[in-house]
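A quick write-up on the structure given underneath.
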Amino acid sequence: DLHLSIRRQRQMCIRDSLLAGATHAAVNVWREGGTFDFNILDPKQRSQSVTTLRLADGFAPEPIRAYCQNTLGVTLGLGIGDLSGKAFRIAHMGHVNAPMMLGTLGALEIALDVLGMIDGTSKGGIKAATEFLATSLKA
Numbered sequence: 027d028l029h030l031s032i033r034r035q036r037q038m039c040i041r042d043s044l045l046a047g048a049t050h051a052a053v054n055v056w057r058e059g060g061t062f063d064f065n066i067l068d069p070k071q072r073s074q075s076v077t078t079l080r081l082a083d084g085f086a087p088e089p090i091r092a093y094c095q096n097t098l099g100v101t102l103g104l105g106i107g108d109l110s111g112k113a114f115r116i117a118h119m120g121h122v123n124a125p126m127m128l129g130t131l132g133a134l135e136i137a138l139d140v141l142g143m144i145d146g147t148s149k150g151g152i153k154a155a156t157e158f159l160a161t162s163l164k165a
């Protein structure tokens, strides 16, 4: 049925937008530490399916990715093309829901903390993500 298909696509777009918003809310807190920033600085231009984070000079993505994978069982995407060795990606698309996204963001916050890549001014990304979701879902 065409109406069911359209409704399902609309629900997926809303979900993707919520998960992207939660991810962006977390990253907005973590980036205050100066270790990394969004690859796409203009929020209106960011993807609803994946967030790419570019690391500051002197930092590499591999320790973050390795800690998440080897210690916490969470896979983060590689930087590709010109961003190889300079960035990592967080996916928020497909068969991902809010609890799964919060798990990924939680693992990333743990890795960033353990690796000394966030400090007192840049902790609290998970809180920002959950507040974003709660506020959005109340509307």
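Following the working numbering, the numbering of the sequence shown begins with 27 at its first residue and continues without gaps. Beta carbons are placed, not taken as given, at the ideal position from N, Cα and C, and that holds for glycine. This one's a predicted model, so the numbers in the text were calculated from it and none came from an experiment.
In the structure shown, Leu-104 falls within a strand segment according to DSSP collapsed to helix, strand and coil. Within the same chain, and ignoring the five residues on either side of His-118 in sequence, the residues whose Cβ sits closer than 6 Å to its Cβ are Leu-45, Ala-46, Thr-49 and Met-127. Spatial neighbours of Ala-51 in its own chain (CB-CB distance under 8 Å, excluding positions within 5 residues in sequence) are listed in chain order as Gly-151, Ala-154, Ala-155, Glu-157 and Phe-158. Between Thr-101 and Phe-85 a beta carbon distance of about 20 Å is seen, past the 8 Å cut, so the two are scored as non-contacting. Ser-162 and Tyr-93 have their C-alpha atoms some 31 Å from each other. Burial is judged here by how many other beta carbons sit within 10 angstroms of a residue's own beta carbon; Ala-82 has fewer than 16 and is exposed. Residues Asp-63 of the same chain have their beta carbon placed closer than 6 Å to that of Arg-57, with the five preceding and five following residues left out of the count.
In this structure, DSSP gives Ala-82 a state outside helix and strand, which the three-state scheme calls coil. Between Ser-43 and Gln-71, the beta carbon gap of about 15 Å keeps them out of contact (Cβ cut-off 8 Å). Its chain contains Leu-98 as the residues whose beta carbon lies nearer than 7 Å to that of Ile-136, once the 5 sequence neighbours on both sides are disregarded; these appear in chain order. Listed in chain order, the non-local C-beta contacts of Arg-80 below 7 Å within the same chain comprise Phe-62, Asp-63, Asn-65, Leu-109, Lys-112 and Ala-113, local neighbours out to five positions each way being set aside. Judged by DSSP secondary structure, Ile-66 falls outside any beta strand (DSSP E); it is assigned neither H nor E.
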